[in-house]
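This report refers to the structure that appears directly beneath it.
There are 2 protein chains.
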Amino acid sequence: MTTFTISPYLPSRRATLAEGQPISELMSRALDNPGLISLAAGFVDGQSLPVDIVREVMADLLGDHAEARAMLQYGATPGLPALRREILNQCTPMDSRQETLDRVVITAGSNQLLHLVAESLLDPGDIVLCAAPTYLVFLGTLANLGAKSWSVQTDDGGMIPEALEETLAQLADAGELAKVKAIYLVPYFDNPSGITMPAERVQRIVAIAKQWSHRTRIHVIADEAYRELRYKGEDVPSVIEFDDDGETVIVAGTFSKSFSPGVRIGWGILPEHLVGPVCAQKGNIDFGSPNLNQHLMAEVLRRGLFSAHVETLRSSYSKKLDVMLNAADEYLSPLAGVKWLRPNGGLYVWATLPPQVDTGPAGELFDRSVAEGMLYVPGQYCYPSEGQPVAKNCMRLSFGVQSCEKIREGIAALARAITAAY
Amino acid sequence: MTTFTISPYLPSRRATLAEGQPISELMSRALDNPGLISLAAGFVDGQSLPVDIVREVMADLLGDHAEARAMLQYGATPGLPALRREILNQCTPMDSRQETLDRVVITAGSNQLLHLVAESLLDPGDIVLCAAPTYLVFLGTLANLGAKSWSVQTDDGGMIPEALEETLAQLADAGELAKVKAIYLVPYFDNPSGITMPAERVQRIVAIAKQWSHRTRIHVIADEAYRELRYKGEDVPSVIEFDDDGETVIVAGTFSKSFSPGVRIGWGILPEHLVGPVCAQKGNIDFGSPNLNQHLMAEVLRRGLFSAHVETLRSSYSKKLDVMLNAADEYLSPLAGVKWLRPNGGLYVWATLPPQVDTGPAGELFDRSVAEGMLYVPGQYCYPSEGQPVAKNCMRLSFGVQSCEKIREGIAALARAITAAY
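Each protein sequence line maps, in turn, to chains R and H.
Just so we're aligned, residue 1 is where the first sequence starts under my numbering, counting upward by one.
Just so we're aligned, residue 1001 is where the second sequence starts under my numbering, counting upward by one.
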């Protein structure tokens, strides 16, 4: 056979922009060191996964031949109507009239919904306003599309409405307002900060989004991945309840944190005008989420097993959160300048160190922490690429995966590392 | 509350290019007419779905607590190693050394693999050479990315190597060669033509791809979605076996046709240089396919239940194909100028009518067929957007879903419609 000159693979622009998620590297670092206590991964507690529920429901469903055949066949791209109805009834409490039902789309976790919405809204160079800090994987998604994440200042109530207005005014002055296509919020137990936004604040943000929608609509994307994981206080209304005409707010939800990530079922509630574009994109990617998994979740919800499981999770994670906060009180509070937030739910505690401490993988603390036997997520990964400066002295600590003992040990190891690194 | 002027949603370029799949409309037309015999949808036979296998394996797996927990937890983005190994052993027979295993990625059907590969290879304006006709959904994916599908002439052995060279020469003359990033083939029981490409021809096409890879590599994408569904003759080697250095050929496979579309598990075997880009894209979309479904398929394969099921399918579809071909002999052969191919496998029969007959939804035949009680896929949807002219006088007839009786009735109805429309 003739030998030909080997020519290179030229990646598409997309491929060039799709850096591996920094958190994946961190995770594989954890896997390489089986002794390491990872307070980095946002995984859920393996011990509390709903094995019995899934076994029981799956056996019943697959025991019914007609139902089983439906589960193993193709479904419609937007997803199973029965599941979409239960989601409206139980997960994002809203009326489940047909018009609302038509706005629900089932996706591969909330992450796929975020991806599909970003694809439908953003061209390269477009801007999404995000809290600083915010969910790092979504930042990667935006970078992959060639879009810009732009930070808005936060306090302990999340994104500050006045800061949002100020940022919009600055962007308008710079002639960039028409590029602002969305405001991204994680209103419940934010990843990474753990903050829950007060109702008045999200209501104000929806009003600001509408007010500043001049030439193009500015959508509000509410990522409600952690809504179910509340350990203290009462649920607050979703951002979508403040969207009078239903044309501004997008809600993303998921069963990954509240039930099982291995089932990979999430959802979106979309303004009517986005249902077509999102489903067209999804149709081109996967024709719709697995029918098998959708039937499973619809039946789990129908039987009331989901809310029962969430109760169990709450009690288990609530203990873990207490353990982490108590360990922090014990080991970290003696260290000058170390502070952390006390969330009412979710899976994360956000800690801030003195300004001179660099928590990044290049700084001294990260390697010392690994040497002491623990891993955290450096906070710098959670900052948008534009706008406010990146804080280098923060970290995200997860309490989802590890046992109570390991959480204590991990925080103790972190305290030793901080002491040594100062 | 203040009333603000409503500004419009401006779709992204992607969203503008994502036309709904024409086949979706056809399918919903079928759903609206329950009496209609659809020979259009590429669905699989609901009666032959592997209900007992899935029930049994799922019960066993979920009965083991440790295994069940693994199934319900997150997995790695490229997919479950055990499943990837079984795929190499049983589905795309290749050595399963670690280097090959690292090139296997699990996706949501083969369609997601095609999407991820297209994202990793193509910028807007880039060109993919396709057989005319070819798989219509992939044409939609290319259009969605702003890429061009470019047709290459075919005969009853599929894409003609000499025509491929001629097309490449023409594109080179036009200064467009650097934009050609891939050649797309459906080598086994092509959708829509049913054609299987002879080994010498695919080998020749791989050589041409390498030879014409001047400034940028031209990949060969082999969509092997129907490989398992052979009813006559012996399996032929995959295109990937002719790729000496493993840098040119991409294989896409799926369990959607050979097992269950509702499980939504497919795979790709990629050149090493594409594994990173494809996984980075997939990570941004869904973090990896559902672990639940991957464990299921790995165990189904491990127990030898997959190949057993494929045997059952072959015998059932083989009968249906015979029924369709016999019905065509009986009802269509008396009609002047009506011809069709006789495939050795797959789910489709490709028919050609006299040149003056327009089979499209705008022509007379489509409505007459619906009136007579049957639905087909107009062939014009299966033609690339550039290059050869689109044939308007063809149609795809599926024998997967309908019973033998309905297949006969459907072909009889088609014959009546053709007679009336002439």
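Backbone N, C-alpha and C fix where the C-beta goes; we use that ideal spot for every residue, glycine too.
For Asp1329/H, go through chain R and note every residue whose CB falls closer than 7 Å to its CB, in chain order. Taking the second sequence and counting its residues from 1, the one referred to as residue 1329/H is at position 329. None at all; the shortest Cβ gap to chain R is about 31 Å.
Can we say the region 1249–1263 of chain H touches the region 56–64 of chain R, given the rule of at least three CB pairs closer than 8 Å? no
I'd like the list of long-range same chain contacts for Asp286/R, defined as Cβ closer than 8 Å, with 5 residues on each side in sequence excluded. Against the first sequence, residue 286/R aligns to sequence position 286. Once the five neighbours on either side are set aside, the close Cβ partners of Asp286/R are Ala108.
Determine the extent of the alpha helix (DSSP H) in which Leu1168/H is found, giving its start and end residues. As a first step, residue 1168/H is located in the second sequence; it is residue number 168 there, counting from the start. Taken as a continuous stretch (DSSP letters only), the alpha helix (DSSP H) holding Leu1168/H covers 1161–1173.
How long is the line joining the alpha carbons of Ser1403/H and Leu36/R, rounded to whole angstroms? Numbered from its first residue, the second sequence carries residue 1403/H at position 403. Numbered from its first residue, the first sequence carries residue 36/R at position 36. Distance between the alpha carbons of Ser1403/H and Leu36/R is about 58 Å.
Can you tell me whether Arg215/R is buried or exposed, with buried defined as 16 or more other CB within 10 angstroms of its CB? By one-based count along the first sequence, residue 215/R stands at place 215. Its Cβ having fewer than 16 others within 10 Å, Arg215/R is exposed.
Might you give, ordered along the chain, the residues of its own chain that have their beta carbon closer than 7 Å to the beta carbon of Leu270/R, omitting 5 neighbours on each side? Stepping through the first sequence from its first residue, residue 270/R is reached at position 270. Excluding residues within five positions, the ones whose Cβ falls inside 7 Å are Arg103, Val105, Ile250, Val278.
Considering only residues of the same chain and omitting the five flanking positions on each side of Gly360/R, which have a CB-CB separation below 8 Å? As a position in the first sequence, residue 360/R is number 360, starting the count at 1. Result list for Gly360/R: Phe366, Pro378, Gln380, Lys392, in chain order.
Within chain R, the residues that Asp1286/H reaches when beta carbons sit closer than 7 Å: Residue numbering aside, residue 1286/H sits at position 286 when the second sequence is read from its first letter. Those are Ala108, Gly109, Asn111, Gln112, Arg264, listed as they occur along chain R.
For a contact defined as C-beta to C-beta under 7 Å, what are the partners of Val1104/H on chain R? Numbered from its first residue, the second sequence carries residue 1104/H at position 104. Residues of chain R passing the Cβ test: none, with the nearest at roughly 18 Å.
Using the C-alpha atoms, what's the distance from Asn111/R back to Gly1158/H? Position 158 of the second sequence, counted from the first residue, corresponds to residue 1158/H. Position 111 of the first sequence, counted from the first residue, corresponds to residue 111/R. Each residue's Cα considered, the two are about 39 Å apart.
Cβ pair count under 8 Å reaching 3, the region 1204–1212 of chain H against the region 1351–1358 of chain H: no
7 Å Cβ cutoff, Leu1270/H in contact with chain R: Residue mapping note: residue 1270/H aligns to position 270 of the second sequence, counting from 1. It does not; no Cβ of chain R falls within 7 Å.
Grouping DSSP H, G and I as helix and E and B as strand, with all else coil, what is Val401/R? By 1-based counting over the first sequence, the position of residue 401/R is 401. Coil.
Based on the DSSP output, what are the partners of Ile208/R in its beta bridges? Numbered from its first residue, the first sequence carries residue 208/R at position 208. None; Ile208/R has no bridge partner.
If you draw a straight line from the alpha carbon of Cys130/R to that of Thr141/R, how long is it in whole angstroms? Indexing the first sequence from 1 puts residue 130/R at position 130. Indexing the first sequence from 1 puts residue 141/R at position 141. Taking the straight line from one Cα to the other gives about 13 Å.
Please go through the region 53–141 of chain R and give each complete alpha helix (DSSP H) segment of 4 or more residues, from N-terminal end onward. 65–72, 81–86, 98–101, 109–121
Assigned exposure category for Thr1419/H - 16 Cβ within 10 Å defines buried: Counting from 1 along the second sequence, the entry for residue 1419/H is found at position 419. With fewer than 16 Cβ atoms within 10 Å of its Cβ, Thr1419/H is classed as exposed.
Sequence-distant residues of its chain with Cβ nearer than 7 Å to Met395/R (five each side left out): Locating residue 395/R in the first sequence gives position 395, where the first residue counts as 1. Hits under 7 Å: Ala351, Thr359, Tyr376, Val377, Pro378, Gly379.
Just checking: is the beta-carbon of Arg1303/H within a distance shorter than 7 Å of some beta-carbon in chain R? Here residue 1303/H is taken as the residue at index 303 of the second sequence, counted from 1. Answer no: the Cβ-Cβ gap between Arg1303/H and chain R never drops below 7 Å.
For chain H, is any of its Cβ atoms less than 7 Å away from the one on Met94/R? Against the first sequence, residue 94/R aligns to sequence position 94. Cβ-Cβ to chain H under 7 Å: no for Met94/R.
Quick one, which residues of the region 161–176 of chain R are near chain H if we go by CB-CB under 9 Å, in chain order? none
Is the beta carbon of Pro290/R less than 7 Å from the beta carbon of Arg1264/H? By 1-based counting over the first sequence, the position of residue 290/R is 290. By 1-based counting over the second sequence, the position of residue 1264/H is 264. Cβ atoms of Pro290/R and Arg1264/H: closer than 7 Å.
Closest residue to Leu292/R among Gly1345/H, Arg1230/H, Arg1055/H (Cα-Cα distance): The residue you call residue 292/R lines up with position 292 of the first sequence. Nearest of Gly1345/H, Arg1230/H, Arg1055/H to Leu292/R, Cα basis: Arg1055/H.
Between which two residues does the beta strand (DSSP E) carrying Ile511/R extend? Not covered by the structure: residue 511/R. The range shown for chain R is 1 to 422.
Would DSSP call Leu1375/H helix, strand or coil? As a working mapping, residue 1375/H is identified with position 375 in the second sequence. Leu1375/H: strand per DSSP, three-state reduction.
Proximal residues to Gly346/R (C-beta, below 6 Å), its chain only, five neighbours per side dropped: The residue you call residue 346/R lines up with position 346 of the first sequence. Cβ neighbours of Gly346/R beyond the five flanking positions: Phe189, Gly194, Tyr226, Leu229.
Counting beta carbon pairs with one atom in the region 308–317 of chain R and one in the region 160–174 of chain R, are three or more of them shorter than 8 Å? no
DSSP-derived helix/strand/coil call for His1309/H: Here residue 1309/H corresponds to residue number 309 of the second sequence, with the count starting at 1. Three-state result, His1309/H: helix.
If you draw a straight line from the alpha carbon of Asp1245/H to that of Glu1272/H, how long is it in whole angstroms? In the second sequence, residue 1245/H corresponds to position 245, counting from 1. In the second sequence, residue 1272/H corresponds to position 272, counting from 1. Approximately 10 Å, taken between the alpha carbons.
Residues in its own chain within less than 6 Å of Arg1204/H by CB, not counting five upstream and five downstream? Numbered from 1 along the second sequence, position 204 holds the residue referred to as residue 1204/H. Closer than 6 Å at Cβ, skipping near neighbours: Pro1161.
Find out if the Cβ-Cβ distance for the pair Ala413/R, Gly373/R is shorter than 7 Å. The residue given as residue 413/R occupies position 413 in the first sequence. The residue given as residue 373/R occupies position 373 in the first sequence. A contact, by the Cβ cut-off of 7 Å.
Candidates Pro1261/H, Gly1363/H, Ser1238/H, Glu1330/H, of which the one nearest Ser1048/H by Cα: For the purposes of this step, residue 1048/H is taken as the residue at position 48 of the second sequence. For the residues Pro1261/H, Gly1363/H, Ser1238/H, Glu1330/H, the minimum Cα distance to Ser1048/H belongs to Pro1261/H.
When DSSP labels each residue in this structure, what does Phe4/R get in the three-state scheme? Residue numbering aside, residue 4/R sits at position 4 when the first sequence is read from its first letter. Bear in mind that a pLDDT of 47 at Phe4/R, under 50, signals an unreliable position, so the model cannot answer this.
I'd like the span of the alpha helix (DSSP H) that includes Ala15/R, first residue to last. Along the first sequence, read from residue 1 onward, the residue named residue 15/R stands at position 15. Its alpha helix (DSSP H) spans residues 13–17.
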